[in-house]
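Protein chains in written order, with the numbering used here: chain A, 106 to 216; chain B, 8 to 120. Where a beta carbon is used, it is the ideal one built from N, C-alpha and C, also for glycine. Predicted, not measured: the structure shown is a model, and the values here were computed from it. To keep things clear, I will list the structure first and then write my remarks on it.
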């Protein structure tokens, strides 16, 4: 079993839809959870990070962590074609340990 | 724009050759991490440098080596290239030793033939 599981997609939605992207993980010691967006042929771009359980909102993006279920989510409201990219979840044991990534989910938002 | 720059952007090498990839960290960042991203996979941690010292290493063989310079820029060297080394190599920089806000460069696409 991989440490971090993420459905590779692609996930296709119409413009304006609410998108839910998810990751599950096996190591209950993970404390920090990140979401990165990666456009084709580009490096990952940090969207947001969350410490432990709870929600965090930034504009159209909401990150949610449920440590009891070892499940994290990223919600995108009012999705736009420019949101079409691969979304990578990452997590770390402490703020100073290395990042463990999921495989990424490809999102396609059609106009 | 994250300020992390990598060179070159693309590279083609022959099996058995050696390659050096370069990374300039974002201003104010003294930690550099290197990741390998194979097609369709998430980035895999290679190693990290903090203040010119290796500060952690992933499950990669010794033919993957690195350096960090006094200006916090970094190099990744790979000897005896294998076909499976073909991947996108990513450099990330961060402040202190923290990884919660690591910023990535655009990557170097290495193809080994």
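Contact check, residue i vs residue j, beta carbons under 7 Å
{"i": "residue 41 of chain B", "j": "residue 88 of chain B", "result": "no"}
{"i": "residue 93 of chain B", "j": "residue 32 of chain B", "result": "no"}
{"i": "residue 214 of chain A", "j": "residue 150 of chain A", "result": "no"}
{"i": "residue 28 of chain B", "j": "residue 115 of chain B", "result": "yes"}
{"i": "residue 161 of chain B", "j": "residue 147 of chain A", "result": "Because residue 161 of chain B is not part of the residues shown, which for chain B are 8 to 120, the question remains open."}
{"i": "residue 196 of chain A", "j": "residue 203 of chain A", "result": "no"}
{"i": "residue 53 of chain B", "j": "residue 65 of chain B", "result": "yes"}
{"i": "residue 219 of chain A", "j": "residue 166 of chain A", "result": "Only positions 106 to 216 of chain A appear in the structure, and residue 219 of chain A is not among them; the question remains open."}
{"i": "residue 63 of chain B", "j": "residue 55 of chain B", "result": "yes"}
{"i": "residue 86 of chain B", "j": "residue 70 of chain B", "result": "yes"}
{"i": "residue 161 of chain A", "j": "residue 168 of chain A", "result": "yes"}
{"i": "residue 152 of chain A", "j": "residue 212 of chain A", "result": "no"}
{"i": "residue 126 of chain A", "j": "residue 179 of chain A", "result": "yes"}
{"i": "residue 122 of chain A", "j": "residue 173 of chain A", "result": "no"}
Cβ-heavy atom distance, residue i to the ligand MG, below 6 Å
{"i": "residue 82 of chain B", "result": "Annotation note on the ligand MG: not contained in the displayed structure, which lists no ligands."}
DSSP bridge partner residues for residue i (one or two, in chain order)
{"i": "residue 53 of chain B", "result": "In the DSSP output, where bridge partners are listed per residue, residue 53 of chain B has none listed."}
{"i": "residue 73 of chain B", "result": "B/83"}
{"i": "residue 116 of chain B", "result": "B/17, B/95"}
{"i": "residue 109 of chain A", "result": "A/130"}
{"i": "residue 212 of chain A", "result": "A/116, A/190"}
{"i": "residue 29 of chain B", "result": "B/14, B/82"}
{"i": "residue 64 of chain B", "result": "B/54"}
{"i": "residue 178 of chain A", "result": "A/127, A/169"}
{"i": "residue 195 of chain A", "result": "A/139, A/206"}
{"i": "residue 38 of chain B", "result": "B/57, B/101"}
Rounded distance between the beta-carbons of residue j and residue i, thought under 8 Å
{"i": "residue 209 of chain A", "j": "residue 111 of chain A", "result": "6 Å"}
{"i": "residue 181 of chain A", "j": "residue 124 of chain A", "result": "4 Å"}
{"i": "residue 207 of chain A", "j": "residue 49 of chain B", "result": "5 Å"}
{"i": "residue 96 of chain B", "j": "residue 39 of chain B", "result": "Actually they do not touch by this definition, with Cβ atoms about 12 Å apart."}
{"i": "residue 194 of chain A", "j": "residue 118 of chain A", "result": "Actually they do not touch by this definition, with Cβ atoms about 18 Å apart."}
{"i": "residue 98 of chain B", "j": "residue 26 of chain B", "result": "At roughly 14 Å, the Cβ-Cβ gap does not stay under 8 Å, so residue 98 of chain B and residue 26 of chain B are not in contact."}
field: the region 120-134 of chain A in contact with the region 9-21 of chain B per 3-pair CB rule at 8 Å
entry: no
query: If we count Cβ pairs, one from each stretch, closer than 8 Å, do we get three or more for the region 133-147 of chain A versus the region 188-205 of chain A?
result: yes
- prompt: Is it true that the region 73-80 of chain B meets the region 45-61 of chain B, where meeting means three or more beta-carbon pairs spaced less than 8 Å apart?
  reply: yes
query: What runs of the beta strand (DSSP E), each 3 residues or longer, lie entirely inside the region 122-170 of chain A?
result: 124-130, 137-143, 150-156, 159-163
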